[in-house]
Amino acid sequence: MSKAVTLFVAMLALLVGCASTQTSPQPVAFAKPDLSISQEDQWQLMAGKWYGEQPTKDGGTRKWIVERFIDGAYRVDFLNVKNDGVIEKLSEVGQWGVSGPVYFSSFRGWLKDETIKFSDPSNPYNYDAYRIIQLNDKIFEYEHYSSGNRFTVKRVTSDFELK
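The sequence shown maps to residues -21 to -1, 1 to 142 in mature numbering (1 follows the signal peptide of the UniProt record, and there is no 0).
Here you go:
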């Protein structure tokens, strides 16, 4: 009988050990579900050329054009007018995406004379997530999750340039 008790205790320990490795009782699907039509529409809406112009907290103005491509790449051209009148032009490139109510970007580098100076992909500062507030074929409004900065851009034609 002691062999039976030992075997029972060993089996119980094995079963309890296996059961304790589960991290959540919540069932999940094996694969991500197909995109809904609205998510596909959202992706198409976000692609294209958008213009923004907003005051900065130090009294200057930031103007920018962001062009998001269907393949998930983006380019942003900034024209910053500082409160002392100094003008700064910058361009950056990276990857963008959207999942549900979240728009995200991954900064990959600065563009100088059409050559990329790559950023450090291990630096968390180069990744941003935004809450989508409004998105339609004319206006895109979004808010940065960490900073709370809210941005509004409007769709422009492909030949639109910063001035």
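We put the CB at the ideal spot given by N, CA and C, even for glycine.
From a predicted model like this one, the values you see are computed outputs, not experimental measurements.
Below 6 Å CB to CB, which residues in the same chain sit around residue i once its five sequence neighbours on both sides are set aside?
| i | result |
| --- | --- |
| asparagine 59 | Arg41, Glu67 |
| serine 125 | none |
Residue i to residue j, Cα distance in whole Å?
| i | j | result |
| --- | --- | --- |
| residue 166 | glycine 27 | No statement about residue 166 is possible, as the shown extent of the chain runs from -21 to 142 and does not include it. |
| threonine 2 | lysine 61 | 51 Å |
| valine 81 | isoleucine 49 | 17 Å |
| phenylalanine 86 | threonine 94 | 15 Å |
| serine -20 | threonine -1 | 29 Å |
| histidine 123 | isoleucine 111 | 9 Å |
| glycine 39 | leucine 141 | 16 Å |
| leucine 90 | lysine 96 | 6 Å |
| tyrosine 19 | glycine 64 | Residue identity differs from the one stated: residue 19 is glutamate in this sequence, not tyrosine. So the two alpha carbons sit approximately 42 Å from each other. |
| aspartate 37 | glycine 127 | 17 Å |
So, for residue i: in the same chain, excluding its five sequence neighbours on each side, which residues have a beta-carbon less than 7 Å away from its beta-carbon?
| i | result |
| --- | --- |
| serine 137 | Lys28 |
| valine 132 | Trp29, Tyr30, Gly31, Val45, Phe119 |
Excluding the five sequence neighbours on either side, which residues of its own chain have a C-beta within less than 8 Å of the C-beta of residue i, listed in chain order?
| i | result |
| --- | --- |
| phenylalanine 139 | Lys28, Tyr30, Ile44 |
| phenylalanine 83 | Trp75, Gly76, Val77, Tyr106, Asp107, Ala108, Tyr109 |
| lysine 117 | Lys133, Arg134 |
Run the CB neighbour count on residue i, radius 10 Å, all protein chains shown included, and call it buried at 16 or more, exposed below.
| i | result |
| --- | --- |
| arginine 129 | exposed |
What distance in whole Å lies between the Cβ atoms of residue j and residue i, which are believed to be in contact at a cut-off of 8 Å?
| i | j | result |
| --- | --- | --- |
| tyrosine 53 | tryptophan 75 | 5 Å |
| glycine 88 | serine 98 | 5 Å |
| glycine 115 | leucine 24 | The displayed chain sequence assigns asparagine, not glycine, to residue 115. Correct: roughly 7 Å between the Cβ atoms. |
| serine 78 | valine 55 | That belief does not hold up - the Cβ atoms of serine 78 and valine 55 are roughly 20 Å apart, past 8 Å. |
Is the Cβ of residue i closer than 8 Å to any Cβ of chain B?
| i | result |
| --- | --- |
| asparagine 62 | Protein chain content of the structure displayed is limited to a single chain, and chain B is not contained in it. |
- Item | Inter-stretch contact at 8 Å, needing at least 3 Cβ pairs: the stretch 1 to 8 / the stretch 28 to 39 | no
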